[in-house]
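A.B. asks: In the working numbering, the protein residues as written are 3 to 909. For each residue, glycine too, the CB sits at the ideal point set by N, CA and C. It should be emphasised that the depicted structure is a prediction, and the values quoted were computed from it without experimental measurement.
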Amino acid sequence: MVDRQPSFLVLQLCLVLVSVIITVRNSKLAGAYGEHAKRKFQYQADSSGFINIDCGAGESYTDRETGLFYESDVIHTKYIDTGKTHEINPNFSSDTFHRQQRHNLRSFPEGTRNCYTLKPNQGGNKKYLIRAIFEYGNYDSKNQIPEFDLYLGVNRWTTVSLEISMFEIIHIPSAAYIDVCLNNTGKGVPYISALELRPLDNSLYRIPNGALLNIYSFDLGGNNDIRYPEDVFDRYWFPYNDSDWLVMSTKSTIQSSADGSNYKVPDKLLQTAAASKSASVPLSLFIKRNPDPDSVCYIYFHFAEIEILDNGSNRELKIEVNGVRNLSSEPATLEYLMPMTKTSTGLPMSADKEISFKIYAAEGSDLPPILNAVEVFLYIELPVSPTNFNDVDAIRKIKSVYGLKRDSWQGDPCLPSDYMWDGLNCSNDGSSPPSIISLDLSSSGLKGDIAPYFADFTMIQSLVPDFLSQLTSLTVLNLGRNKLSGLVPAVLIERSKNGALKLSVEGNPDICSLADSCDQKKKNNIVVPLVASIAAFSTAIIAIFAIFCWLKKRKKQAVIVLGKSESKSENKNDTFAAKKQQFTYSDIVKITKNFEKVLGEGGFGTVYLGYLDDTEVAVKLLSSSSAQGYKEFHSEVKLLMRVHHRNLTSLVGYCIEGKLMGIIYEYMTNGSLEQYFSVAGKHEGKNAVSILSWDDRMRIAVDAAQGLEYLHEGCKPPIIHRDVKSSNILLNDKLQAKIADFGMSRIFPIESSSHICTGVVGTPGYLDPEYYSSNWLNEKSDTYSFGVVLLEIITSKPVILTAPENTHISKWVNSMLAGGDIRSIVDPKLSGDFEKNSAWKAVELALSCTSQSSSERPTMTEVVMELKECLALATAGNGEGHGNKTKGPRRMLSVDVIADQFSPKAR
């Protein structure tokens, strides 16, 4: 028998060694992957200012190659609201740049100009790289590639005429928005596949004005395309090689820029280079572009020495562009692994319309010239100045407020003149930006009040309709055929009488041109119902007499007058009108069954459950030790008696008897939104409280937003709540949301142009940081607070997260956005059961509401419109991530839980 033990031991040893090798290799791979993931996350954090639009895509998504999140312009209608979506013919698809974005496109068969409006977070006067991508892909089965013009604002950018094309431009806009327009030139229907914006450092790519049109960005010696995340600016680098060149490469890490001109060229790009075959032969490149012979080019040469040279040796280079030798007096001396950028700016094209350059070895250098990367741009002037910014801002707000949709209302309202908006005329003397001087909105279906934005047209002469008499240059005012109401100001009528103003108001049945006519309309409106009810007068007079006697008796028992003292009013407007029931303290005792059931405690006092004619009510009594007290009580009752809206809590009555004060209002069965979230899904059996579905959350958000919109827009003068938070949003038995607690509300004087100065009040976490730091209050302070509430609705997280450290919910959501996974943000208790496009839209809206600057926040009217779109997506969507709604019985609420958890919180 042969002894196999030695061989067996050898085999065991081999297996052990293999295991060790695999373990070490895997650990290295894991480490490398971790570094890559860490680096990738770091880059993604820097992508927060990117705008990525996949035109015509059915849903938003995270790009497989870059990890960037692309928005669908079908879902996110803030960019454009015209056009039709298509998929390209798969037989025409090519495996080149932006593969995922070129599967769909948006075409524009209607209108001569259609524009995307980009609003970067960084605002105006910042440098941006804008990229537009096109692939025809025979989407219309016509097999005819269209030709059309691409405009950057009011200036022509380029012409699109190829099957596949990508255009990049570097530009500094003066306004906080950028219009990218597709203009129909009669040679086919314009279309677009993708549109992107990337913020750049203002110190890079310096030009006096105008813009830089990218021709090529080449990675010499490379093999693959390079873009984000390797390039933090997401510049697109294409590999380029020539058979006459030698290719060099290194794996060593490139150092930081020595000259401070950090173009942040990717390491991967600088780790390769092309070199000529000897020091006596230049490295040459010729680019045929056929540009305008008067064009000038800007070329950026990126170098890094990647070869270890002998001691004392340096590679020294001279550069020639379009026949101009020695761009600088001193040669460029390269240092090992140190990046260097040399710029050729403003050089004219060569006589044969070529862009050419040569890199020479400097005199005395015996090392061949090298080049790692090069960017070639054409400088283009932007000779046309856009329309006066205030006019553009005003007309766009008017378009939004009234929901106006006209084919021509795209891009700049005045320019180019061939694309001027229908219904307006502009002044244009050629020396200053154009201004709107005439605006015709007749037969536009205008409803409601005349928007204040009309007053921003400082040069307007003819306006339909006019912002009353504040526009002294106005000579024509046509209010005809709309649905406006109210009294035309006497100043306008007087100007019409003396011939200074041509005034027309026909076709508005509810508008009054004279005070007498308004009075007559009111009289006419009274006569008919009065005659119709005369037969019942005898019966009614008896009932009225009985009620009068009853009220007279009650007034002997209680004092019902408020003012600066407890029993005397110094202003008749402060007296509570007899529109609501006035109760005595003894009535309150009966209603609450001797204060049997406490619903909540707060700074104001105690809230009790009551019953009035078998209807549940909430009774809030002012505590004698209340920190807020009489003033807030007075404010809340006055406001509740004035406002009436389905999304505001309703006043039932009130009581003032000496120092005893109380408010009776409708009882909201499901308590506050804050309380609902605190117990939802945490009880079983009879105490079960269902988790709010995504649809219900969006309905609640719409309800609450509509309540605030009414305070801001429906009340004259407007009212600012000042304490919007989830505990002040109450839910009834049908989960309808209503805004509550108006003790801190502030009436916004009409004469105040944009804000008022007032002491800071509110709740930490919900408080507008701009209001907190400046004491300046406006309606958008409520918008900020609502944005925080919306984030609570989306995430079910508290306003201040305590782990790993105190973090505001808006910052947490922003940090989670870097991962591009909406599921990591939405309440995990939904288990992914939500429509993800609706969720993305809601998150973006919430973050817009919580912008640090009030000027960047939407109005509540805009918020309502956006939330209704979120709700429509939620209820109609069947896309990925959308399944059955919340399982189990919904709105199944226990009386015990209601009593303990869902009472309206006292202030």
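#1: Sorted by chain position, which residues of the same chain lie with C-beta nearer than 7 Å to GLY51's C-beta, five sequence neighbours on each side aside?
#2: Sort out for me which residues DSSP pairs GLY607 with in a bridge.
#3: Mind checking who LEU199 pairs with in its DSSP beta bridge?
#4: How should GLY366 be labelled, buried or exposed, when 16 other C-beta atoms within 10 angstroms of its C-beta is the threshold for buried?
#5: Whose CA, out of GLU858, PHE288 and PRO719, lies closest to the CA of ILE301?
#6: Would DSSP call MET643 helix, strand or coil?
#7: To the nearest angstrom, how far is the alpha carbon of LYS782 from that of SER855?
#8: So, at 6 Å on beta carbons, what are the nonlocal neighbours of LEU611 in its own chain, with the 5 sequence-adjacent residues on each side left out?
#9: Just grab the DSSP bridge partners of LYS360 for me.
#10: Under the rule that 16 or more other beta-carbon atoms within 10 Å means buried, what is GLU307, buried or exposed?
#11: State buried or exposed for VAL791, treating a residue as buried only when at least 16 other CB atoms are found within 10 Å of its CB.
#12: Quick one: what's got a C-beta closer than 7 Å to HIS38's C-beta in the same chain, skipping five residues either side?
#13: Report yes or no: do the stretch 179-192 and the stretch 266-281 share at least 3 C-beta pairs separated by less than 8 Å?
#14: With contact counted as at least three CB pairs below 8 Å, one residue from each stretch, are the stretch 106-113 and the stretch 184-194 in contact?
#15: Measure the Cβ-Cβ separation of LEU769 and LEU675 and say whether it is below 9 Å.
#16: Sort GLY821, LYS622, ASN374 and ALA396 by Cα distance to LEU441 and report the nearest one.
#17: In three-state terms, what does DSSP make of ASP269?
#18: Please confirm whether any heavy atom of the ligand COA lies closer than 8 Å to the CB of TYR610.
#19: Return the first residue and the last residue of the alpha helix (DSSP H) that LYS843 is part of.
#20: What are the partner residues of HIS810, as DSSP defines its beta bridges?
#21: Please report how far the alpha carbon of LEU650 lies from the alpha carbon of ILE658, in whole angstroms.
#22: Taking the CB atoms as reference points, tell me whether ALA739 and ALA706 lie closer together than 9 Å.
#23: Please state whether the Cβ-Cβ distance between ILE439 and MET461 is less than 9 Å.
#24: Please confirm whether PHE150 and ASN186 have their CB atoms less than 9 Å apart.
#25: Residue range of the alpha helix (DSSP H) that PRO771 falls in?
#26: Classify ARG115 as buried or exposed, calling it buried when 16 or more other Cβ atoms lie within 10 Å of its own Cβ.
#27: Which whole-angstrom value describes the C-beta separation of ILE166 and LYS128, a residue pair presumed to lie in contact below a C-beta threshold of 8 Å?
#28: Look up SER109 in the DSSP assignment and give the residues it is bridged to.
#29: Tell me the residue span of the alpha helix (DSSP H) that contains SER652.
#30: Given LYS320, which residues of its chain have a CB within under 6 Å of its CB, disregarding the five upstream and five downstream residues?
#31: Starting from ASP616 and walking both ways along the alpha helix (DSSP H), at which residues does that stretch end?
#32: Is the beta carbon of VAL865 less than 9 Å from the beta carbon of LEU614?
#33: Rounding to the nearest angstrom, what Cα-Cα distance links ILE795 and TRP696 in this structure?
#34: Which whole-angstrom value describes the C-beta separation of PRO719 and ILE749, a residue pair presumed to lie in contact below a C-beta threshold of 8 Å?
#35: Give every residue of the same chain whose Cβ lies closer than 6 Å to the Cβ of ASN91, excluding the five residues on either side of it in the sequence, and list them in chain order.
C.D. replies: Concretely, from the data shown:
#1: Numbered from 1 along the sequence shown, position 49 holds the residue referred to as residue 51. Same-chain partners within the cutoff: PRO122, ASN123, GLN124 and PRO201.
#2: Reading the sequence shown from its first residue, position 605 is the one you call residue 607. Beta-bridge pairing links GLY607 to LEU624.
#3: Stepping through the sequence shown from its first residue, residue 199 is reached at position 197. BP columns for LEU199 point to ILE53 and ILE132.
#4: For the purposes of this step, residue 366 is taken as the residue at position 364 of the sequence shown. With fewer than 16 other Cβ atoms within 10 Å, it is exposed.
#5: As a first step, residue 301 must be located in the sequence shown, where it is residue number 299. Among GLU858, PHE288 and PRO719, the Cα nearest to that of ILE301 is on PHE288.
#6: As a position in the sequence shown, residue 643 is number 641, starting the count at 1. If DSSP states are grouped into helix, strand and coil, MET643 belongs with the helices.
#7: Residue 782 sits at position 780 when you count from the first residue of the sequence shown. Residue 855 sits at position 853 when you count from the first residue of the sequence shown. Using only the alpha carbons, I get a separation of about 9 Å.
#8: On the sequence shown, residue 611 is found 609 positions in, with the first residue counted as 1. Cβ neighbours of LEU611 beyond the five flanking positions: LYS599 and LEU601.
#9: Residue mapping note: residue 360 aligns to position 358 of the sequence shown, counting from 1. For LYS360, which the question treats as bridged, DSSP gives the partners SER286 and GLU322.
#10: The sequence position of residue 307 within the sequence shown is 305, counting from 1. Answer is buried; the Cβ neighbour count reaches 16.
#11: Numbered from 1 along the sequence shown, position 789 holds the residue referred to as residue 791. It is buried - the Cβ of VAL791 has at least 16 other Cβ atoms within 10 Å.
#12: Against the sequence shown, residue 38 aligns to sequence position 36. For HIS38, the predicted structure reports a pLDDT of 39, less than 50, and the residue's modelled location is therefore unreliable. A value from the coordinates is still provided. Once the five neighbours on either side are set aside, HIS38 has no close Cβ partner at all.
#13: no
#14: yes
#15: For the purposes of this step, residue 769 is taken as the residue at position 767 of the sequence shown. For the purposes of this step, residue 675 is taken as the residue at position 673 of the sequence shown. Going by C-beta atoms, LEU769 is not nearer than 9 Å to LEU675.
#16: Stepping through the sequence shown from its first residue, residue 441 is reached at position 439. The shortest C-alpha separation from LEU441 is found at ALA396.
#17: Here the question's residue 269 lines up with position 267 in the sequence shown. The answer is helix: DSSP assigns ASP269 an H, G or I state.
#18: The ligand content of the structure shown is nil, which means the ligand COA is not present either.
#19: As a first step, residue 843 is located in the sequence shown; it is residue number 841 there, counting from the start. LYS843 -> alpha helix (DSSP H) spans 838-851.
#20: Taking the sequence shown and counting its residues from 1, one reaches residue 810 at position 808. HIS810 is bridged to ILE802.
#21: Along the sequence shown, one-based indexing puts residue 650 at 648. Along the sequence shown, one-based indexing puts residue 658 at 656. Cα to Cα, the separation comes out at about 23 Å.
#22: Translated into the one-based positions of the sequence shown, residue 739 becomes position 737. Translated into the one-based positions of the sequence shown, residue 706 becomes position 704. Closer than 9 Å, so yes.
#23: In the sequence shown, residue 439 corresponds to position 437, counting from 1. In the sequence shown, residue 461 corresponds to position 459, counting from 1. For ILE439 and MET461, yes; Cβs fall inside 9 Å.
#24: As a first step, residue 150 must be located in the sequence shown, where it is residue number 148. As a first step, residue 186 must be located in the sequence shown, where it is residue number 184. In contact: PHE150 and ASN186 (Cβ atoms closer than 9 Å).
#25: For this step, residue 771 is matched to residue 769 along the sequence shown. Its alpha helix (DSSP H) spans residues 771-776.
#26: As a working mapping, residue 115 is identified with position 113 in the sequence shown. Buried.
#27: Taking the sequence shown and counting its residues from 1, one reaches residue 166 at position 164. Taking the sequence shown and counting its residues from 1, one reaches residue 128 at position 126. Not confirmed; about 30 Å, so no contact.
#28: Here residue 109 corresponds to residue number 107 of the sequence shown, with the count starting at 1. Its beta-bridge partners are LYS86 and TYR193.
#29: The residue labelled residue 652 in the question sits at position 650 within the sequence shown. Neither: SER652 is in no alpha helix (DSSP H) and is coded neither H nor E.
#30: Taking the first residue of the sequence shown as 1, we reach residue 320 at position 318. The residues are ASN328, PRO333, TYR362 and ALA364.
#31: Sequence index remark: in the sequence shown, residue 616 carries index 614 (1-based). From DSSP, ASP616 is part of no alpha helix (DSSP H); its letter is neither H nor E.
#32: As a working mapping, residue 865 is identified with position 863 in the sequence shown. As a working mapping, residue 614 is identified with position 612 in the sequence shown. No; because the gap between Cβ atoms is not below 9 Å, this pair is not in contact.
#33: The residue you call residue 795 lines up with position 793 of the sequence shown. The residue you call residue 696 lines up with position 694 of the sequence shown. Cα to Cα, ILE795 sits roughly 9 Å from TRP696.
#34: Residue 719 sits at position 717 when you count from the first residue of the sequence shown. Residue 749 sits at position 747 when you count from the first residue of the sequence shown. Rounded, the Cβ-Cβ distance is 5 Å, consistent with contact.
#35: Position 89 of the sequence shown, counting from 1, holds the residue named residue 91. Excluding residues within five positions, the ones whose Cβ falls inside 6 Å are GLY139 and ASN140.
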